[in-house]
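Asks: Anchor point for the sequence shown: position 398 equals 398 in UniProt numbering, and the numbering is continuous, going up by one each time.
Glycine is no exception: its CB is placed at the ideal position from the N, C-alpha and C atoms.
Note that the structure is predicted; figures quoted are calculated from it, not measured.
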Amino acid sequence: MAAPSTNVLQLRFKKCQHWEDYSIKASLKGLHHFGKSYTVYQEEYYDYHGNRGVIITTRNGRSRKSITDFTTYSVHQIDIDTGKCVVQDLRQMKSTLFNFTSTATGGHVKGLADIFKFSSKFNETYIGTTQIRGIPAHHWTTCLHVESLRATFNMDYYFSVKTYDLEGSQKEIPLRASINGIASNVDQNNVILNGTHNFNHVYEFVKFEPGPIKDLSVFQVRSMPPKSLIGWIDKFEDEIKIAMKYNSDVILMGDFNNYLQPNKIPQRWITALETYNFQQIPPSIICTGSQERKAVPKMAFQVSFGMEKMSRTNTKLEDPVYIQVDYDFTSQLARLDLSKVPSNGLRKVYGNDSISLIQDFNLGVQYVIDSLYGNCSVTELTASFNDLIPRPSYLLPPEMRHPIALLDVNYSTMLYQGKKLYRDLNVESWGKVDNVTNFKHEIYFLLDKKKGPISRTSNPVLQPVPVGVYVSVNDVHRGQDGLKLKVESFTNIYNFRPNRIDPSRFDIRKCYNSDSSFKQLHVAIKADDPAAILSQKSLYLNHLHQFLSKTAKVSPTRISDLYLTKGLIDQTISAYFILLNKSPMPAGRWSNVDRTPSLEEAFNNLQTAVTQGTLFTVDNKDFPVSTLYTQKSVQSDPKSEQGYSA
1 MAAPSTNVLQ LRFKKCQHWE DYSIKASLKG LHHFGKSYTV YQEEYYDYHG
51 NRGVIITTRN GRSRKSITDF TTYSVHQIDI DTGKCVVQDL RQMKSTLFNF
101 TSTATGGHVK GLADIFKFSS KFNETYIGTT QIRGIPAHHW TTCLHVESLR
151 ATFNMDYYFS VKTYDLEGSQ KEIPLRASIN GIASNVDQNN VILNGTHNFN
201 HVYEFVKFEP GPIKDLSVFQ VRSMPPKSLI GWIDKFEDEI KIAMKYNSDV
251 ILMGDFNNYL QPNKIPQRWI TALETYNFQQ IPPSIICTGS QERKAVPKMA
301 FQVSFGMEKM SRTNTKLEDP VYIQVDYDFT SQLARLDLSK VPSNGLRKVY
351 GNDSISLIQD FNLGVQYVID SLYGNCSVTE LTASFNDLIP RPSYLLPPEM
401 RHPIALLDVN YSTMLYQGKK LYRDLNVESW GKVDNVTNFK HEIYFLLDKK
451 KGPISRTSNP VLQPVPVGVY VSVNDVHRGQ DGLKLKVESF TNIYNFRPNR
501 IDPSRFDIRK CYNSDSSFKQ LHVAIKADDP AAILSQKSLY LNHLHQFLSK
551 TAKVSPTRIS DLYLTKGLID QTISAYFILL NKSPMPAGRW SNVDRTPSLE
601 EAFNNLQTAV TQGTLFTVDN KDFPVSTLYT QKSVQSDPKS EQGYSA
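#1: May I have the straight-line CA-CA distance separating Ser626 from Phe496, to the nearest angstrom?
#2: Measure from the alpha carbon of Ser304 to the alpha carbon of each residue in Ile525, Arg505, Ser74, Met414, then state which is nearest.
#3: Just to confirm, are Val86 and Arg59 a CB contact at a threshold of 7 Å?
#4: Less than 7 Å between the beta carbons of Lys486 and Asn314, yes or no?
#5: Using only CA atoms, which one of Met155, Met93, Ile135 lies nearest to Asn123?
#6: Hey, Lys440 and Ser472: beta-carbon distance below 7 Å or not?
#7: Look up Lys162 in the DSSP assignment and say whether it is helix, strand or coil.
#8: Cα-Cα, which of Glu147, Pro174, Ile573, Thr82 is closest to Lys537?
#9: Would you say the segment 546 to 563 touches the segment 508 to 520, given that touching needs at least three Cβ pairs under 8 Å?
#10: Of all the options Lys207, Asn180, Asp622, Tyr203, which has the alpha carbon lying nearest to the alpha carbon of His197?
#11: What is the DSSP secondary structure of Phe506, counted as helix, strand or coil?
#12: If I follow the unbroken beta strand (DSSP E) through Thr379, where does it start and stop?
#13: How close, in whole Å, do the beta carbons of Tyr158 and His139 come, if the pair is a contact with beta carbons under 8 Å?
#14: For Asp360, name the three-state secondary structure that DSSP assigns.
#15: Buried or exposed: where does Thr565 fall if 16 or more other Cβ atoms within 10 Å of its Cβ makes it buried?
#16: With Glu124 as the anchor, note down where its alpha helix (DSSP H) starts and where it stops.
#17: What does a CB cutoff of less than 6 Å around Asp89 pick up in its chain, not counting 5 residues either side in sequence?
#18: Among Thr630, Thr163, Pro466, Thr551, which has the Cα closest to the Cα of Gly613?
#19: Would you kindly report the start and end of the unbroken beta strand (DSSP E) that includes Leu407?
#20: Please state the DSSP three-state secondary structure of Leu568.
#21: Across which residues does DSSP place Leu444 in a beta bridge pair?
#22: Using CA coordinates, which residue listed in Ala575, Tyr563, Ser514, Val75 is at the minimum distance from Gln291?
#23: Going by C-alpha to C-alpha distance, which of Val523, Thr413, Val467, Val427 sits closest to Leu568?
#24: Helix, strand or coil for Thr630, going by three-state DSSP, please let me know.
#25: Suppose contacts are defined by Cβ-Cβ distances below 7 Å. Is Ala602 in contact with Leu628 by that definition?
#26: Between the beta-carbon of Gln170 and the beta-carbon of Pro136, is there less than 7 Å?
#27: Is the separation between the beta-carbon of Ser354 and that of Ser377 shorter than 7 Å?
#28: Cα separation between Asp413 and Lys207?
#29: To which residues of the same chain is Arg293 closer than 7 Å at the C-beta, ignoring the five residues directly before and after it?
#30: Determine the extent of the alpha helix (DSSP H) in which Lys537 is found, giving its start and end residues.
#31: What are the partner residues of Pro320, as DSSP defines its beta bridges?
#32: According to DSSP, Gly306 sits in a beta bridge with which residue or residues?
#33: Straight-line CA distance for Asp328 to Gly374?
#34: When DSSP labels each residue in this structure, what does Phe301 get in the three-state scheme?
#35: If we ignore side chains and look at the alpha-carbon of each, how far apart do Lys553 and Lys582 end up?
#36: Could you spell out where the alpha helix (DSSP H) holding Phe603 opens and where it closes?
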């Protein structure tokens, strides 16, 4: 059989488009270092056009993955079993499998001939044909010295012959590479030590696929989800006895009155979690050492969104919790509609029924409304949720945290993790890891250009949209059996809406028992174009709600049932609302109820302001407020025009 030209093989390595990218699965047999022999299994992926490479090495049942980006000089070193990840600078590493050239704008991986050390410039000698694993093969040999490896060695390559029918379109591919040589002794940091050692490597190419990489997920931080998560999915239906079947639209609106409880978790969530994991999204991998700095996106002071949270402790999967959040940092109000009562003191009173919490940080009180029966309890604020900051003194009420605190994000400690795929969305993530407490936390933001709220005088606002959070704590606390605990939770975020909340979401009227505890009022607002205002009711309602509460010098929760309609006279808008009395909260350690205006005092504050010709302002335009009426009953027809119920 005639010997093939090394120039022909070099051409296939360097020029043929289908050989500029490749993937290899290889078994490295008979590796011999310092008198020790062992075998490893290795996968390699080389993407010349993408300027990147991946190596996955498995030895003794443990796998490590190395992802190299030559453009940014970054190498992600990941322990696949533990999820630990460290980012290194390629230029500071002593040696790598993929050689690269450095340019002013970044590096670039070298061609295949240099990676495989096979071309005419390496002075290969053709030996003849032989058989490798029963496959006819051409045998080449050469002697090389590689300074970066401090090694001199003989290298033998075996390529399949063109006439042998191999699986795949390419017939001449490497089957084996054998290396025998001598190298300087080095320590774990590749620092040269005294002496030398012999080494023998045999690379058995189990699978060689030239051409574009088919599965680009190998360039993600993880190519498979953690075993714990796979087990989590497998035990989904076995672990959960009762889960809530729900209509997503109803849940996101915060109405839990019509839910059903079958004996099976919703398939929608199972599918979402499987997609979450098998789309190579790395919820448990947070890399340290990266030099790339990017701040966590800021969130608006007013936000509304839905959350669905799944948690597990060790192998036990907890029932899912669905939460609708309305958070107004400007007005110091928050509303949480929970599908299940949290495991704190509230559960002793309400069991596992769904509840709504309306928290008033102006007064230091919260209103707990039973969604099933409609009854209401008023208590002091308790530091049971992420939105509260306990004060140093027990005499001071908790403070309201920034909206990002709902996702347990600390701006100063979150490190940029790069672009990832989450719920089939292109996102950027930020994370942190504490190696002492084994705490991991990652948040995902959708940063595509999305239309934000639109005002009459401004263009659409671009807002960062959070879409998910992952949290895990390992081996920190011990259970009753003395074993260390591992707690994981996934939180998906839906329908994120910044900058505007319907005031009716903070309606606490059902917490008042007496008709004497409120006044039904009506104010007239002068406007040149009432129709224009009524066409943007949500914008004006929000501003008017804040105006009325500030003018009356009361918490915004005391302005209820606010709606707008056409005025009783021309060029006016009528605003109907209910002014509530003081909160029915008994005296407590830190509630400010006793120091707030009474019903009559609040009414007088409004009356005085109207008499003095106070102006109501929206988008820098003033609207005079004239005439304050007291009504015996509030009309219901105009309210229905608003499209919502109090």
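Replies: This is what the structure gives:
#1: The sequence position of residue 626 within the sequence shown is 626, counting from 1. The sequence position of residue 496 within the sequence shown is 496, counting from 1. When rounded, the distance between both Cα atoms is 37 Å.
#2: Residue mapping note: residue 304 aligns to position 304 of the sequence shown, counting from 1. The shortest Cα separation from Ser304 among Ile525, Arg505, Ser74, Met414 belongs to Arg505.
#3: Along the sequence shown, read from residue 1 onward, the residue named residue 86 stands at position 86. Along the sequence shown, read from residue 1 onward, the residue named residue 59 stands at position 59. Cβ atoms of Val86 and Arg59: not closer than 7 Å.
#4: Position 486 of the sequence shown, counted from the start, is the residue given in the question as residue 486. Position 314 of the sequence shown, counted from the start, is the residue given in the question as residue 314. Yes.
#5: Residue numbering aside, residue 123 sits at position 123 when the sequence shown is read from its first letter. When each option's Cα is compared against that of Asn123, the closest is Met155.
#6: Along the sequence shown, one-based indexing puts residue 440 at 440. Along the sequence shown, one-based indexing puts residue 472 at 472. In this structure, Ser472 lies closer than 7 Å to Lys440 by Cβ.
#7: Within the sequence shown, numbered from 1, the residue matching residue 162 stands at position 162. DSSP places Lys162 in coil when its eight states are reduced to three.
#8: In the sequence shown, residue 537 corresponds to position 537, counting from 1. Closest by alpha carbon: Ile573.
#9: yes
#10: Locating residue 197 in the sequence shown gives position 197, counting from the first residue. Ranking Lys207, Asn180, Asp622, Tyr203 by Cα distance to His197 puts Asn180 first.
#11: Mapped onto the sequence shown, residue 506 falls at position 506. Three-state DSSP puts Phe506 in a helix.
#12: Translated into positions along the sequence shown, residue 379 becomes position 379. Start and end: 376 to 380.
#13: In the sequence shown, counting from the first residue as 1, residue 158 sits at position 158. In the sequence shown, counting from the first residue as 1, residue 139 sits at position 139. 6 Å between Cβ atoms; contact.
#14: Sequence index remark: in the sequence shown, residue 360 carries index 360 (1-based). Three-state DSSP puts Asp360 in a strand.
#15: Start at 1 with the first residue of the sequence shown, and residue 565 comes out as number 565. When all chains shown are included, Thr565 counts as buried.
#16: Residue 124 sits at position 124 when you count from the first residue of the sequence shown. Taken as a continuous stretch (DSSP letters only), Glu124 belongs to no alpha helix (DSSP H), as it is neither H nor E.
#17: On the sequence shown, position 89 is the one that residue 89 refers to. Correct list, in chain order: Tyr73.
#18: Mapped onto the sequence shown, residue 613 falls at position 613. Checked all of Thr630, Thr163, Pro466, Thr551; the closest Cα to Gly613 is Thr551.
#19: The residue you call residue 407 lines up with position 407 of the sequence shown. Element bounds for Leu407: n/a, residue is neither H nor E.
#20: Indexing the sequence shown from 1 puts residue 568 at position 568. In this structure, Leu568 counts as coil in the three-state DSSP scheme.
#21: For the purposes of this step, residue 444 is taken as the residue at position 444 of the sequence shown. Residue identity check: residue 444 is Tyr in the sequence provided, not Leu. In DSSP, Tyr444 forms a bridge with Ser429, Gly468.
#22: Along the sequence shown, one-based indexing puts residue 291 at 291. Nearest C-alpha to Gln291: Val75.
#23: Here residue 568 corresponds to residue number 568 of the sequence shown, with the count starting at 1. Of Val523, Thr413, Val467, Val427, the residue nearest in Cα terms is Val523.
#24: Residue mapping note: residue 630 aligns to position 630 of the sequence shown, counting from 1. Strand at Thr630.
#25: Counting from one through the sequence shown, the residue named residue 602 turns up at place 602. Counting from one through the sequence shown, the residue named residue 628 turns up at place 628. No, they are not a contact pair.
#26: Against the sequence shown, residue 170 aligns to sequence position 170. Against the sequence shown, residue 136 aligns to sequence position 136. The answer is no: Cβ separation not under 7 Å.
#27: The residue you call residue 354 lines up with position 354 of the sequence shown. The residue you call residue 377 lines up with position 377 of the sequence shown. Not in contact: Ser354 and Ser377 (Cβ atoms no closer than 7 Å).
#28: Indexing the sequence shown from 1 puts residue 413 at position 413. Indexing the sequence shown from 1 puts residue 207 at position 207. Residue identity check: residue 413 is Thr in the sequence provided, not Asp. C-alpha separation (whole angstroms): 43 Å.
#29: Position 293 of the sequence shown, counting from 1, holds the residue named residue 293. Closer than 7 Å at the Cβ level, and outside the excluded window around Arg293, lie Tyr416.
#30: Locating residue 537 in the sequence shown gives position 537, where the first residue counts as 1. 537 to 552 is the extent of the alpha helix (DSSP H) around Lys537.
#31: Taking the first residue of the sequence shown as position 1, residue 320 is located at position 320. In DSSP, Pro320 forms no bridge with anything.
#32: Here residue 306 corresponds to residue number 306 of the sequence shown, with the count starting at 1. Paired residue(s): Gln324, Tyr494.
#33: Position 328 of the sequence shown, counting from 1, holds the residue named residue 328. Position 374 of the sequence shown, counting from 1, holds the residue named residue 374. For Asp328 and Gly374, the distance between alpha carbons rounds to 24 Å.
#34: By one-based count along the sequence shown, residue 301 stands at place 301. Coil at Phe301, not helix or strand.
#35: Sequence index remark: in the sequence shown, residue 553 carries index 553 (1-based). Sequence index remark: in the sequence shown, residue 582 carries index 582 (1-based). Straight-line Cα distance between these residues: approximately 12 Å.
#36: Stepping through the sequence shown from its first residue, residue 603 is reached at position 603. That run of the alpha helix (DSSP H) goes 599 to 611.
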